[in-house]
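J.:
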Amino acid sequence: MISYKQLRDFDIHATDGDIGGCKDVLFDDQDFVVRYLVVDTNNWLPLSRKVVISPISIARVARDEEKIHVNMTSQALKDSPSIDEHKPLSREYEETLFKYFGYGYYWIGPGAWGDFTHPTELADQEMQESLNELSEKPSNHLRSCSEVHGYEVSTQDDEIGHITDFLIDPESWSLKLLVVDTRNWLPGGKKLAVRPADLEKIDWSSHKVVFKLSHDQLMARPEVDMDKLQDESYVQSMLLKAE
Numbered sequence: 040m041i042s043y044k045q046l047r048d049f050d051i052h053a054t055d056g057d058i059g060g061c062k063d064v065l066f067d068d069q070d071f072v073v074r075y076l077v078v079d080t081n082n083w084l085p086l087s088r089k090v091v092i093s094p095i096s097i098a099r100v101a102r103d104e105e106k107i108h109v110n111m112t113s114q115a116l117k118d119s120p121s122i123d124e125h126k127p128l129s130r131e132y133e134e135t136l137f138k139y140f141g142y143g144y145y146w147i148g149p150g151a152w153g154d155f156t157h158p159t160e161l162a163d164q165e166m167q168e169s170l171n172e173l174s175e176k177p178s179n180h181l182r183s184c185s186e187v188h189g190y191e192v193s194t195q196d197d198e199i200g201h202i203t204d205f206l207i208d209p210e211s212w213s214l215k216l217l218v219v220d221t222r223n224w225l226p227g228g229k230k231l232a233v234r235p236a237d238l239e240k241i242d243w244s245s246h247k248v249v250f251k252l253s254h255d256q257l258m259a260r261p262e263v264d265m266d267k268l269q270d271e272s273y274v275q276s277m278l279l280k281a282e
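Numbering of the sequence shown is given in the numbering used here, commencing with residue 40 and proceeding in unit increments.
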């Protein structure tokens, strides 16, 4: 796995050079999958223009280099539709972006990536062009990790901490676990791994994440060791303990 905080230190590398750094991660609050990385093009484009990259474009994540390699040129990204980071991304913007890159729509089909398991399978979608044209325009469910980071956490009994990070599978780009920091409630504090399936709701108006767990159930969730996220056996053990 890789964490949201780690991704924010990564550079984005196009086929012909670096194009900026990861500024934020946008996830789907229904499927709990990463939809976009927000790229800050400071030092590369004037006025620090903000653009987004879909996991469909990501070739690999190089942890040692702290780089995300994407299958596009710097010019292709430069010419892609820009975003207003102070406004939510609309479905209309997503359609414009996906048409620009020639991708199949992830919202057509039953899964988090339409009919596919991995996002990169949507990169070559000639057969889906007709389906794209016929697609309805359901509302998207995009949320910002930087927004939810710091939200207070409530159990069915009390308030117990805050959201401090998100753990992500960099192959399927699914958001596997939320990290709850209890230090503002418990002396010394713990960082606990909690599944999205344990969420009751994210209350955007009160900046609060509510879990369908009792106090004791949440405190029984496994602690996270960030230094072991590349250890597959550790990650699998943590996922099992979080169930």
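Cβ coordinates follow ideal geometry from the N, Cα and C atoms, glycine included.
Remember, predicted model here, so these are calculated numbers, not experimental data.
1) Alpha carbon to alpha carbon, what distance is there between lysine 230 and valine 187?
2) From lysine 267 to glycine 59, what distance separates their C-alpha atoms?
3) Is the beta carbon of tyrosine 75 sitting closer than 8 Å to the one on cysteine 184?
4) For glutamate 160, which residues of its own chain have a beta-carbon under 8 Å away from its beta-carbon, when the five flanking residues on both sides are left out?
5) DSSP state of alanine 53, grouped into three classes?
6) One question on the structure: do serine 178 and arginine 130 come within less than 8 Å of each other, judged by their Cβ atoms?
7) I think proline 94 touches valine 73, with their Cβ atoms under 8 Å apart; what is that distance to the nearest whole Å?
8) Does the separation of the CB atoms of valine 77 and isoleucine 41 fall below 8 Å?
9) Under 8 Å by Cβ, that's how I've got leucine 217 and isoleucine 202 pegged, so tell me the actual separation to the nearest angstrom.
10) Cα separation between glutamate 191 and asparagine 223?
11) So is lysine 62 buried or exposed if we call it buried at 16+ other beta carbons inside 10 Å?
12) Out of Val90, Glu239, Pro158 and Phe155, point me to the one whose CA is closest to aspartate 123's CA.
13) Is arginine 71 helix, strand or coil when you go by DSSP?
14) With a 10 Å radius around its C-beta and 16 neighbouring C-beta atoms as the bar for buried, classify histidine 157 as buried or exposed.
15) In the structure shown, what three-state DSSP assignment does aspartate 123 receive?
T.: This is what the structure holds:
1) 16 Å
2) 27 Å
3) no
4) Trp152
5) strand
6) yes
7) 6 Å
8) no
9) 6 Å
10) 10 Å
11) buried
12) Val90
13) According to the sequence as given, residue 71 is phenylalanine; it is not arginine. DSSP places phenylalanine 71 in coil when its eight states are reduced to three.
14) exposed
15) coil
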